[in-house]
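Encoded as C-alpha cells, the structure appears first; notes follow it.
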Amino acid sequence: MPFRFKIDRSKISFGIKTVLGTLIFLPFLINASYARSKFSNRLYCLVQGNSARVYLMQEPATYKCADYLSTFNFEFRKRFIDLQQIDKNRKRGDDIEYRTNLYEAKRASILSLYDQIQTLKKTMEEFESSFLMRAQDYVSVRVLALRDNLTHELLRLQEELLAQYSPQKQKRLLQIETILDHLRIVQNTKDIDEFYNSLQQYLSLLNTLNLGK
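Each step along the sequence shown adds one to the number in my numbering, with nothing skipped, and position 129 is 175.
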C-alpha cells in the first residue's frame, strides 16, 4: 500500500501509515530530476469543501496540488473580473436590488474560494514542514557516525597540511569541508527544497570520496 501522509484542515490531524514510510520514500525523492522540480510540485491533493488532504504519491481522486492551485487562482481572477463588471452595472442605477443581490452572491463565492485557496496552501505548508522534520531525523541518525569520522579526518588533514603542503590533501580537505557544509544545511534548513538539493550534493561528493555510507 502506498505511503500516504495527509492533513485534514477540518480536524488539523496528521496521518502516516508508518514511520518507515518516510524511510522508504526518502531515497525515491533523491534523484537527478529533483533539482529541476520543487517539492510542492510533486505533491497530490484531495480537496473537499473546506478540507484538504496532501499525499506524497497519487491515489484515487487526487490531483497535483499545483494544478489545484492553478485552477483555483484562474477561477478567482475570473470571478473578480465578473464582480467588477457587476458592480459597474449596479452603479448605472437600473434594477439596483437585483444587481446588489447578484453582487453579494458573487462576492461571497469569491471569499469562499479564497478560503479554499488559503486552506490548501496552509495544508501543503504543514505537510512539507512535518515531512521535512521526519526526513531530517532520519538523515541525522544515518550520518551521525560518518559526520564524526569526517570531522576527525578534517582535523587530521589540517594538521598534516600545516606540517607539509600537499595538493591532494588540500583537495580532499576542501571536499570534506563542502560535505560537512551540506550536512549542516541538511540538518538545520527549514526549506525542503534546500534540504534535498544539499542532500543530493552530499551524496554525490560522498560517492566521489568513496567513503562509507
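Idealized CB from N, CA, C, for every residue including glycine.
Measuring alpha carbon to alpha carbon, tell me which residue in the options is nearest residue i.
i	options	result
threonine 197	Gln164, Gln221, Lys168, Ser175	Gln221
leucine 129	Asn119, Asp140, Ala154	Ala154
threonine 117	Lys137, Cys91, Asn195	Cys91
glutamate 172	Gln246, Gln104, Lys236	Lys236
alanine 98	Phe85, Asn253, Leu115, Lys84	Leu115
phenylalanine 85	Val93, Gly95, Leu102	Leu102
leucine 192	Tyr248, Glu150, Phe122	Tyr248
leucine 252	Glu240, Gln233, Glu223	Glu223
glycine 95	Glu199, Glu105, Phe120, Gln164	Gln164
glutamine 131	Tyr149, Asp140, Phe122	Tyr149
serine 250	Glu199, Glu105, Ile225	Ile225
So, is residue i buried or exposed, given that buried needs 16 or more other C-beta atoms within 10 angstroms?
i	result
glutamine 214	exposed
isoleucine 142	exposed
tyrosine 144	exposed
isoleucine 238	buried
glutamine 162	buried
arginine 55	Note on arginine 55: pLDDT 39, under 50, position unreliable in the model; no value is reported.
leucine 157	exposed
leucine 89	buried
tyrosine 109	exposed
serine 175	exposed
isoleucine 127	exposed
glycine 201	The sequence as given places leucine at residue 201; glycine does not occur at that position. Exposed.
alanine 260	Limits of the chain in this structure are 47 at one end and 259 at the other, which puts residue 260 out of reach.
serine 244	buried
phenylalanine 120	exposed
alanine 78	Any answer about alanine 78 is weak, because its pLDDT of 43 lies below 50 and its placement is not dependable; what the coordinates show is given next. Exposed, by the Cβ-count rule.
glutamine 216	exposed
Would you please state the rounded distance, in angstroms, between the beta carbons of residue i and residue j? I believe it to be under 8 Å.
i	j	result
methionine 179	valine 100	Actually they are not in contact, since the Cβ atoms of methionine 179 and valine 100 sit about 15 Å apart, beyond 8 Å.
leucine 190	leucine 207	Actually they are not in contact, since the Cβ atoms of leucine 190 and leucine 207 sit about 26 Å apart, beyond 8 Å.
arginine 125	leucine 166	Not confirmed; about 17 Å, so no contact.
alanine 107	asparagine 87	Not really, about 20 Å apart at Cβ, beyond 8 Å.
arginine 241	alanine 151	Per the sequence shown, the amino acid found at residue 241 is phenylalanine instead of arginine. Not a contact, Cβ separation roughly 45 Å.
arginine 136	threonine 146	6 Å
Problem - Contact the stretch 183-192 vs the stretch 226-238: 3+ CB pairs below 8 Å - result: Yes: the two stretches touch, three or more of their Cβ pairs being nearer than 8 Å.
Handout entry: Sequence ranges, beta strand (DSSP E) only - wholly within the stretch 75-157, length at least 3
Key = Entirely contained in the stretch 75-157, the beta strand (DSSP E) runs reaching 3 residues are, in chain order, 90-94, 97-101.
Practice task
Write down every uninterrupted run of the alpha helix (DSSP H) in the stretch 225-259 whose length is 4 residues or greater and which is fully enclosed by it, in chain order.
Solution key: Counting whole runs of 4 or more residues, the stretch 225-259 contains the alpha helix (DSSP H) stretches 238-255.
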